[in-house]
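Below: one structure, written as structure tokens.
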Ligand SMILES: [Ca+2]
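In our numbering, the protein residues as written are -12 to 206.
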């Protein structure tokens, strides 16, 4: 009888384990698949996490939010009415594997409009190394790349948006993101940054790259 009970217990545990595997396996395999896709394309694309800057003055008034839909499961967020003296800024390191022309995408809030409107996020500026800081607004990006503005990928206002094309030499660069204009409807400085995606301009995958739609790489 004891042996029979033992066998039943083992079967019971095996059943629970099998159920857990059935539930968890697609998630694990999906994660591995995405990871291997990004690894496969690592010579062509680079993902720089918004929540991992090398320097920032967001800290006192900003925060980090979490979601399974985010790259690295986190995003840097700022929503403030009172800017520091030199405005809000955050800097990231970008290491590219080879010389080339690169497209830079923001995964987060797209830049808001410069004209009067009711948008809930601000325009912003981006500079590479000591280069000129380029003011990015909804109007500017829609006129340059209308088909690459706002691919929604997560609830809460997170989109892929192409923001810049830049020639980068192999090695390390600094991207400076500035939040220097207020959003229109209440005067706040607002931006959510999940990641920057830096992709070779000649990278045209035939399928989606993980969660990034292949159309983002078409021009
Ligand atoms: Ca992130």
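Built from N, CA and C at the ideal position, the CB exists for glycine as well. Predicted model, so just to flag it, every value in this text is computed and none were measured.
Does the separation of the CB atoms of residue i and residue j fall below 8 Å?
i: residue 187; j: residue 107; result: no
i: residue 65; j: residue 92; result: no
i: residue 178; j: residue 36; result: no
i: residue 136; j: residue 203; result: no
i: residue 247; j: residue 185; result: The chain is shown from -12 up to 206; residue 247 falls before or after that span and cannot be answered.
i: residue 147; j: residue 199; result: yes
i: residue 122; j: residue 150; result: no
i: residue 58; j: residue 94; result: yes
i: residue 88; j: residue 63; result: no
i: residue 74; j: residue 167; result: yes
Could you check if residue i belongs to the surroundings of ligand 2, using beta carbon to heavy atom distance under 7 Å?
i: residue 143; result: Ligand 2 is not part of the structure shown, which contains ligand 1 as its ligands.
Leaving out five residues before and five after residue i in sequence, what residues of the same chain have Cβ atoms less than 6 Å from its Cβ?
i: residue 189; result: none
i: residue 152; result: 90
i: residue 128; result: 136
i: residue 43; result: 77
i: residue 213; result: Only positions -12 to 206 of the chain appear in the structure, and residue 213 is not among them; the question remains open.
i: residue 210; result: Outside the shown range of the chain (-12 to 206) lies residue 210, about which nothing can therefore be said.
i: residue 79; result: 35, 40 and 162
i: residue 251; result: Examination of residue 251 is not possible in this model, given that the chain is present from -12 through 206 alone.
i: residue 130; result: none
Can you list, in chain order, the residues of its chain with a C-beta nearer than 8 Å to that of residue i? Leave out the 5 residues immediately preceding and following it.
i: residue 28; result: 190, 192 and 196
i: residue 194; result: 201
i: residue 120; result: 112, 113, 114, 163 and 165
i: residue 144; result: 96, 107, 108 and 179
i: residue 116; result: 160 and 161
i: residue 132; result: 149 and 206
Could you check whether the Cβ of residue i sits closer than 8 Å to any Cβ belonging to chain B?
i: residue 134; result: Within the model displayed, chain B is absent; a lone protein chain is all it includes.
Apart from the five residues just before and just after residue i, which ones in its own chain have a Cβ nearer than 7 Å to its Cβ?
i: residue 175; result: 66, 67, 68 and 169
i: residue 70; result: 176
i: residue 30; result: 84
i: residue 8; result: Bear in mind that a pLDDT of 44 at residue 8, under 50, signals an unreliable position, so the model cannot answer this.
Can you confirm whether the segment 47 to 55 touches the segment 152 to 165 when touching is taken to mean that 3 or more C-beta pairs between the two stretches lie within less than 8 Å?
no
Near ligand 1, which residues have their beta-carbon closer than 6 Å to a heavy atom?
36, 37, 38, 57, 58, 59, 61, 62, 181 and 182
Beta strand (DSSP E) runs contained entirely in the segment 68 to 99, provided each spans 3 or more residues
75 to 83 and 87 to 95
Write down every uninterrupted run of the alpha helix (DSSP H) in the segment 145 to 197 whose length is 4 residues or greater and which is fully enclosed by it, in chain order.
none
Pick out the complete beta strand (DSSP E) segments inside the segment 103 to 131, 3 residues or longer, and give them in chain order.
You should have 111 to 115 and 121 to 123.
Taking the runs of the alpha helix (DSSP H) that are 4 residues or longer, which of them lie wholly in the segment 32 to 63?
none
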